[in-house]
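J.: Structure incoming, see below.
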């Protein structure tokens, strides 16, 4: 283990980072293809199914009428769906970061508790050894033999 790995930030040094909110799709001029009222997981699954459906329609269009304008419309709708998927996933990043941080802190706390328990066991073991040694020296003092 290197010394750089042991360096930690002081606990009292609290840093706050204010990130600008994620701009809405409407602000970016992109049509919103999902509803906020429904669970984001369900909406994400629906968007992925829509991408697959549009992709299959695009393949059919390219097979039968490759120069038709409907192909370009399908490509554009697939692009919008992918942007919506990306935006929906990015909205969940703060919650994901909080969960990950909470799990990391919980793991670190458990490691610290385990380490404290091991230290207490070692201290108890050392204390017993010292008491035993002290009792032996009182009952039978050490005899030193002079060396020739």
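In the UniProt record's numbering, the protein residues as written are 1 to 148.
For each residue, glycine too, the CB sits at the ideal point set by N, CA and C.
Computed from a predicted structure; not experimentally measured.
#1: Below 8 Å between beta carbons: does that hold for residue 81 and residue 71?
#2: The alpha helix (DSSP H) with residue 25 in it runs from where to where?
#3: Taking all protein chains shown into account, decide if residue 51 is buried (16 or more other Cβ within 10 angstroms of its Cβ) or exposed.
#4: Please state the DSSP three-state secondary structure of residue 91.
#5: Roughly how many angstroms separate the alpha carbons of residue 97 and residue 45, rounded to a whole number?
#6: Count the other CB atoms within 10 Å of the CB of residue 107; is the residue buried (16 or more) or exposed (fewer)?
#7: Which class does residue 39 belong to by DSSP, given the choice of helix, strand or coil?
#8: Could you round the C-beta distance between residue 32 and residue 84 to whole angstroms and report it? I think they count as a contact, below 8 Å.
#9: At the level of alpha carbons, what is the spacing between residue 22 and residue 121?
#10: Could you name the residues of the same chain whose beta carbon sits closer than 6 Å to that of residue 125, not counting the 5 residues immediately before and after it, in chain order?
#11: Given a threshold of 16 other Cβ atoms within 10 Å of its Cβ, counted over all protein chains shown, does residue 86 qualify as buried or as exposed?
#12: Taking the alpha-carbon positions, what's the residue 63 to residue 56 distance?
T.: Short version:
#1: The sequence position of residue 81 within the chain shown is 81, counting from 1. The sequence position of residue 71 within the chain shown is 71, counting from 1. It is not a contact, given that the beta carbons lie outside the stated cut-off.
#2: On the chain shown, position 25 is the one that residue 25 refers to. No alpha helix (DSSP H) holds residue 25; DSSP gives it neither H nor E.
#3: Taking the chain shown and counting its residues from 1, one reaches residue 51 at position 51. Under this definition residue 51 is a buried residue.
#4: Sequence index remark: in the chain shown, residue 91 carries index 91 (1-based). Reduced to three states, the DSSP call for residue 91 is helix.
#5: Reading the chain shown from its first residue, position 97 is the one you call residue 97. Reading the chain shown from its first residue, position 45 is the one you call residue 45. Taking the straight line from one Cα to the other gives about 22 Å.
#6: Looking up residue 107 in the chain shown gives position 107. Counting Cβ neighbours within 10 Å, residue 107 comes out exposed, since fewer than 16 surround it.
#7: Here the question's residue 39 lines up with position 39 in the chain shown. Three-state result, residue 39: coil.
#8: Position 32 of the chain shown, counted from the start, is the residue given in the question as residue 32. Position 84 of the chain shown, counted from the start, is the residue given in the question as residue 84. Correct: roughly 7 Å between the Cβ atoms.
#9: For this step, residue 22 is matched to residue 22 along the chain shown. For this step, residue 121 is matched to residue 121 along the chain shown. Answer to the nearest angstrom: the Cα atoms are 51 Å apart.
#10: To locate residue 125, count along the chain shown from 1; it is residue 125. Same-chain partners within the cutoff: there are none.
#11: Walking along the chain shown from the start, residue 86 turns up at place 86. Exposed, since its Cβ has fewer than 16 Cβ neighbours within 10 Å.
#12: On the chain shown, residue 63 is found 63 positions in, with the first residue counted as 1. On the chain shown, residue 56 is found 56 positions in, with the first residue counted as 1. Taking the straight line from one Cα to the other gives about 11 Å.
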